[in-house]
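Residue numbers (our numbering), protein chains in the order written: chain Z, 1 to 136; chain U, 137 to 272; chain V, 273 to 408; chain F, 409 to 544; chain E, 545 to 680; chain A, 681 to 816. Worksheet for the structure shown next.
6 protein chains.
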Amino acid sequence: MIYITRKEHFNAAHKLARPEWSDEKNIEVFGKCANVNWHGHNFNLHVTVKGQPNELTGFVIDLKLLSSLIKDLVVEKLDHKNLNLDVDFMKGVMPSTENLAIKIWEQLVDVIKQHNCELHSIKLFETENNYVEYYG
Amino acid sequence: MIYITRKEHFNAAHKLARPEWSDEKNIEVFGKCANVNWHGHNFNLHVTVKGQPNELTGFVIDLKLLSSLIKDLVVEKLDHKNLNLDVDFMKGVMPSTENLAIKIWEQLVDVIKQHNCELHSIKLFETENNYVEYYG
Amino acid sequence: MIYITRKEHFNAAHKLARPEWSDEKNIEVFGKCANVNWHGHNFNLHVTVKGQPNELTGFVIDLKLLSSLIKDLVVEKLDHKNLNLDVDFMKGVMPSTENLAIKIWEQLVDVIKQHNCELHSIKLFETENNYVEYYG
Amino acid sequence: MIYITRKEHFNAAHKLARPEWSDEKNIEVFGKCANVNWHGHNFNLHVTVKGQPNELTGFVIDLKLLSSLIKDLVVEKLDHKNLNLDVDFMKGVMPSTENLAIKIWEQLVDVIKQHNCELHSIKLFETENNYVEYYG
Amino acid sequence: MIYITRKEHFNAAHKLARPEWSDEKNIEVFGKCANVNWHGHNFNLHVTVKGQPNELTGFVIDLKLLSSLIKDLVVEKLDHKNLNLDVDFMKGVMPSTENLAIKIWEQLVDVIKQHNCELHSIKLFETENNYVEYYG
Amino acid sequence: MIYITRKEHFNAAHKLARPEWSDEKNIEVFGKCANVNWHGHNFNLHVTVKGQPNELTGFVIDLKLLSSLIKDLVVEKLDHKNLNLDVDFMKGVMPSTENLAIKIWEQLVDVIKQHNCELHSIKLFETENNYVEYYG
Numbered sequence: 001m002i003y004i005t006r007k008e009h010f011n012a013a014h015k016l017a018r019p020e021w022s023d024e025k026n027i028e029v030f031g032k033c034a035n036v037n038w039h040g041h042n043f044n045l046h047v048t049v050k051g052q053p054n055e056l057t058g059f060v061i062d063l064k065l066l067s068s069l070i071k072d073l074v075v076e077k078l079d080h081k082n083l084n085l086d087v088d089f090m091k092g093v094m095p096s097t098e099n100l101a102i103k104i105w106e107q108l109v110d111v112i113k114q115h116n117c118e119l120h121s122i123k124l125f126e127t128e129n130n131y132v133e134y135y136g
Numbered sequence: 137m138i139y140i141t142r143k144e145h146f147n148a149a150h151k152l153a154r155p156e157w158s159d160e161k162n163i164e165v166f167g168k169c170a171n172v173n174w175h176g177h178n179f180n181l182h183v184t185v186k187g188q189p190n191e192l193t194g195f196v197i198d199l200k201l202l203s204s205l206i207k208d209l210v211v212e213k214l215d216h217k218n219l220n221l222d223v224d225f226m227k228g229v230m231p232s233t234e235n236l237a238i239k240i241w242e243q244l245v246d247v248i249k250q251h252n253c254e255l256h257s258i259k260l261f262e263t264e265n266n267y268v269e270y271y272g
Numbered sequence: 273m274i275y276i277t278r279k280e281h282f283n284a285a286h287k288l289a290r291p292e293w294s295d296e297k298n299i300e301v302f303g304k305c306a307n308v309n310w311h312g313h314n315f316n317l318h319v320t321v322k323g324q325p326n327e328l329t330g331f332v333i334d335l336k337l338l339s340s341l342i343k344d345l346v347v348e349k350l351d352h353k354n355l356n357l358d359v360d361f362m363k364g365v366m367p368s369t370e371n372l373a374i375k376i377w378e379q380l381v382d383v384i385k386q387h388n389c390e391l392h393s394i395k396l397f398e399t400e401n402n403y404v405e406y407y408g
Numbered sequence: 409m410i411y412i413t414r415k416e417h418f419n420a421a422h423k424l425a426r427p428e429w430s431d432e433k434n435i436e437v438f439g440k441c442a443n444v445n446w447h448g449h450n451f452n453l454h455v456t457v458k459g460q461p462n463e464l465t466g467f468v469i470d471l472k473l474l475s476s477l478i479k480d481l482v483v484e485k486l487d488h489k490n491l492n493l494d495v496d497f498m499k500g501v502m503p504s505t506e507n508l509a510i511k512i513w514e515q516l517v518d519v520i521k522q523h524n525c526e527l528h529s530i531k532l533f534e535t536e537n538n539y540v541e542y543y544g
Numbered sequence: 545m546i547y548i549t550r551k552e553h554f555n556a557a558h559k560l561a562r563p564e565w566s567d568e569k570n571i572e573v574f575g576k577c578a579n580v581n582w583h584g585h586n587f588n589l590h591v592t593v594k595g596q597p598n599e600l601t602g603f604v605i606d607l608k609l610l611s612s613l614i615k616d617l618v619v620e621k622l623d624h625k626n627l628n629l630d631v632d633f634m635k636g637v638m639p640s641t642e643n644l645a646i647k648i649w650e651q652l653v654d655v656i657k658q659h660n661c662e663l664h665s666i667k668l669f670e671t672e673n674n675y676v677e678y679y680g
Numbered sequence: 681m682i683y684i685t686r687k688e689h690f691n692a693a694h695k696l697a698r699p700e701w702s703d704e705k706n707i708e709v710f711g712k713c714a715n716v717n718w719h720g721h722n723f724n725l726h727v728t729v730k731g732q733p734n735e736l737t738g739f740v741i742d743l744k745l746l747s748s749l750i751k752d753l754v755v756e757k758l759d760h761k762n763l764n765l766d767v768d769f770m771k772g773v774m775p776s777t778e779n780l781a782i783k784i785w786e787q788l789v790d791v792i793k794q795h796n797c798e799l800h801s802i803k804l805f806e807t808e809n810n811y812v813e814y815y816g
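This is the structure in C-alpha cells:
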C-alpha cells in the first residue's frame, strides 16, 4: 500500500455564527470569526489516496485525474465563494474547518473508489497555523 | 543605512466590484473576484523600515514596537473584517491588493518617522502567488 | 473522529552534553551540539487534538482555547529560555528534540482531556530539516 | 515509541514512458511527463525512523548518522542524475514518485535496523503539490 | 508607482556543459551539473510588473492576464522540457539560471508594455537555496 | 547586470544585553531577548552577488564557490556558537540582527571582489517574521 497526495487551494469567505443566536452570543462563542460582514481565508487542501502502484504506469492514480476530480467536485464549488451562502454541499452546515473537511471527504470518497484506489485522508489548512485532518 | 522587516498577517473578506456597474459587467471585468457574496484571503504583510542601528541597542527600531504599531494601526482594523464594508481607511476605495498596500502605507508612514527611522516599503501577499510592493 | 492542529513557535538555547562527561567526550558524542557556550533554535510546535466536532459550534476544540493552553503551559516556559537551565519540566532531562517533545506532551495531555477531546500528537521541528513526532 | 525525521533533497531528471510503447501512446498515458528529451524535479525526501530515545543521549538515532546514511545510500545515487538511466536500484523500474519512494525504502530499511531503531516511512515530494508516503 | 508580482512554476531538465569541451573538462568546470544524462529542477518564477493602479479597477495589470501571458510565452515552452534541446529561445545559450532569467525577460518585456505597465524584474529560483534576479 | 543569491543557514545562541547595565535595565530595554541564560535562533542567510554572466559558463559566480566562501568565512564561525562569546568578528558588538548582518557583509565584501563580481546584499532572517537587509 502506498499513499499519494495532491495539494490544491481555494480562497473563500465565511463566518462562524448561528442564525438563531444574537450577534452578542455569536461574538461571545466565536469571537472575531463571527464578524457580521464575513472574513475569509486562502485554504490549502491535501487529498491523500491509497492503493497499489499500477504495474505498467507506476501510478496509484494519475495525478492529473486526481487533480481534475478535486477541481470539479470541490475547488470549483468553493473557490471565490461564500461558504455559508454559495455552496450546495455546505447548506445548513456550520463552516468550521472541521465540518468543511468532512464535507469535502463526502464529495470525493465514492468517485475515487471507481479508480482502483481509495480516499485515505483530507488535510485542510485554514491558515498556516491551523489545520484539520479527517480519515472518514 | 540598514533595512529591517516585520511580517504580520490578517484574514479578511472582500470583493472586487464597482457598485455603479451591473453584476454582469463586474463579472466581465473582475471575474470570480466579483462574486456577489464575497470571498477572502489570508493576507501576509511585510513592513520594511530603514535607518541606522542605535549605538547602544543595535536596533534600527525595536521590533516589538514596530509590531505593535502595525497591529494597532493596520492589523486590528483589517483582521477578520470585510475590506469593502468594515474598514474606515478603505471607505470608497476599490480593495485591490495594490490599493490596500497604498492605504496601509498611509497608516504607517508618519508614526514610524517619530522613531528615528523611516518606512521603506509595504509588501502585501494576497496569496502565495500574488503580491504587491509599494515604496511611497 | 477528526484531528485539529495548532502551530506555535518558540526560540530557545540549549546544548547537548552530559555534565558528568568531559568536554572531549561530549564533543565526540554530540559534535557541535555540545558547544560549551550553547547554541539555539527557532522551534516550531504542532499540537494535534482529536475528537468529535461539537454540534452547535462545529469545533473539536476552540483553537483560541487550544492556543492559550499551549502558550500558558509550554511556550511561556520555553520561549527565549535556556532548555538546560531555565525550564522546570526539563530539569535533569537531556534536551534532545525527542525528550523535549515527550515533556511537552506531558504538560498538555491531562488539561486537554478536560475539554471533550484528547491530545493526539506533538510534532516538534528543531530546524526545517529535523523533526520529531510523539503519540504518547 | 517516538518518531524522528530527517529531510534531504536531490535534483534529478526523468521521464515517464515505456520503451515498448510508441511515443504517441506514451504521451496519451503520461502526458507531458513523457517528453522524449526528459524533464526534472527538485525532490524533497523525508526519512522517518522510530524507536526509544537512548537514556544517555536522548537520541532515537544520531541525526548526523541518519543524514550520512541517507546521503551515502540514496542522495549520492540520485542527485544530479537521470532516474531512468543512471541509477542502479532504479534499473527496469518506471520512475514514478510511487516507485521511487518504494526503492528508497529498500535501500535504507536494513541498514537502519542495525542502529537500535527502525525505518518508519519515506515521504517523497516531487513538487510542492505532489507527494508520496510509503510505510513498507 | 506600485509593483505587482505573479509567481508561476515549471519543471525542466538541463545540463551545464559546452559541446566543444570534453566530458572531463565539463565535469571539472560544472561539477555534477554536467552529468551527461541530464538532471532537472522545479523552477519557481516571479514576474514583477510596475505601473499606476487603474482608477476604476485598482489594478496595475489584471493578474489573470499577466498569468496567461507568462504561461503562453514562457511556461508552456519550458515546462516538462529539456532546456538544452527543446526550447526555441534557449537555442545556443548555456542554460545557467542567469541566462535563463535573461531570456525569460526578453520573452515578456515588449508584450507587457502594451498593457499600460512595464516589466520590472524576473526572479528565478532554481532550488530553494539558489535564485537569480534580473532587471533588464 | 544580474544578481544571484545563495541561501545558507546556521543555528546560534545569543542575548541582547549591555554588560554595563543591570539585569533590570536590560530586561526593560530588550525584554525577553535579554534572558540571562541566553536564547537562540535558526538564522537563514541570503548572500546576493552581482555581475555579468561569464560568456563560457553563463555564471556570475560558481555557486559552489560562493557557498564555500560563505561557509568558510561566515557559517563555520557562527553555526552552533554563542554570538556574544564565541565569534571573533562579533567581539564587542551587540548581536542584534542588524549588527550581525553588517558584520557578515564585512567578512565577505573583499573576497567576493576577487571573483569578477561584487557583493550586493546580505539578507538575514532571525525568525520567519523578522529579517534585515544590508547593502553596504
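Think of the CB as a built atom: it goes at the ideal place given N, C-alpha and C, for glycine as much as any other residue. Since the model is a prediction, treat every value here as computed from it, not as a measurement.
Q. Of all Cβ atoms in chain V, is any one closer than 7 Å to the Cβ of valine 109(Z)?
A. no
Q) Is the shortest distance between the beta-carbon of lysine 433(F) and the beta-carbons of chain E less than 7 Å? A) no
Q: Return the chain-ordered list of same chain residues with a C-beta closer than 7 Å to the C-beta of serine 529(F), the five sequence neighbours on each side being excluded.
A: Thr456, Glu541, Tyr542, Tyr543
Q: Could you tell me the distance, in whole angstroms, from the CA atom of histidine 726(A) to the CA atom of isoleucine 238(U)?
A: 28 Å
Q.
Just to check my reading of the structure: arginine 278(V) and leucine 335(V) have Cβ atoms closer than 8 Å, yes? What is that Cβ distance to the nearest angstrom?
A. 6 Å
Q) Using a Cβ-Cβ cut-off of 6 Å (strictly less than) and excluding sequence neighbours within five positions of cysteine 577(E), which residues of its own chain qualify? A) Leu560
Q | Beta-carbon gap between asparagine 450(F) and threonine 671(E) smaller than 7 Å | A | yes
Q) For phenylalanine 10(Z), which option in Leu78(Z), Asn82(Z), Cys117(Z) has the closest C-alpha, if you only look at C-alpha atoms? A) Leu78(Z)
(Q) Is there a C-beta anywhere in chain F that falls below 7 Å from the one on valine 308(V)? (A) no
Q: Could you tell me which of Ile546(E), Gly584(E), Leu629(E), Gln651(E) sits nearest to histidine 384(F), measuring between CA atoms?
A: Here chain F comprises residues numbered 409 to 544, so residue 384(F) is not present and cannot be evaluated.
Q | Chain-order list of residues whose beta-carbon lies under 7 Å from that of asparagine 660(E) (same chain, five-residue window excluded) | A | Gly595
Q. List, in order along the chain, the chain U residues whose C-beta lies closer than 8 Å to that of threonine 549(E)?
A. Asn266, Tyr267, Val268, Glu269
Q: Return helix, strand or coil for leucine 617(E), following the three-state DSSP convention.
A: helix
Q: Could you name the residues that DSSP lists as bridge partners for isoleucine 802(A)?
A: Val727(A), Tyr814(A)
Q) Is it true that the CB of asparagine 779(A) sits closer than 7 Å to the CB of valine 773(A)? A) yes
Q: Can you tell me which of Glu650(E), Asn581(E), Lys635(E), Trp582(E) puts its alpha carbon nearest to the alpha carbon of isoleucine 614(E)?
A: Glu650(E)
Q. Residues in its own chain within less than 6 Å of histidine 14(Z) by CB, not counting five upstream and five downstream?
A. Leu83, Asn84, Pro95
(Q) Would you say leucine 199(U) lies against chain A (beta-carbon separation less than 7 Å)? (A) yes
Q.
Within a Cβ cutoff of 8 Å, which residues of the same chain sit near isoleucine 138(U), ignoring the five residues on either side of it in sequence?
A. Lys186, Gly187, Gln188, Pro189, Val196
**Q.** For threonine 369(V) and leucine 396(V), believed in contact at Cβ under 8 Å, the rounded distance
**A.** 6 Å
Q) Would a check of beta-carbon distances place alanine 645(E) closer than 7 Å to chain F? A) no
Q: Express the C-alpha separation of phenylalanine 89(Z) and leucine 137(Z) in angstroms, rounding to a whole number.
A: It is not possible to answer for residue 137(Z), since the shown part of chain Z is limited to 1 through 136.
Q: Work out the CA separation of valine 573(E) and serine 294(V) for me, nearest whole Å.
A: 45 Å
(Q) Does any residue of chain V have a CB that is nearer than 7 Å to the CB of isoleucine 410(F)? (A) yes
Q: Please work out which residues of its chain come closer than 6 Å, Cβ to Cβ, to valine 482(F), disregarding the five sequence neighbours upstream and downstream, and give them in chain order.
A: Ile512, Gln515
Q) By how many angstroms is the C-alpha of asparagine 316(V) removed from the C-alpha of asparagine 401(V)? A) 12 Å
Q.
Between the alpha carbons of lysine 433(F) and alanine 556(E), how many angstroms are there, rounded?
A. 22 Å
**Q.** Exposure of valine 359(V), with buried meaning 16 or more beta-carbon neighbours within 10 Å
**A.** buried
Q. How about phenylalanine 690(A): is its C-beta nearer than 7 Å to some C-beta of chain E?
A. no
Q) Should glycine 228(U) be flagged as near chain Z, meaning a C-beta pair shorter than 7 Å? A) no
Q. Since serine 339(V) and glutamate 280(V) are thought to touch, with beta carbons under 8 Å apart, how far apart are those beta carbons, to the nearest angstrom?
A. 7 Å
Q. Which first and last residues belong to the beta strand (DSSP E) in which threonine 141(U) is found?
A. 138-150
Q. In the DSSP assignment, what residue or residues form a beta bridge with histidine 583(E)?
A. His558(E)
Q) Cβ of glycine 408(V) less than 7 Å from any chain Z Cβ? A) no
**Q.** Range of the contiguous alpha helix (DSSP H) that encloses glutamine 379(V)
**A.** 369-385
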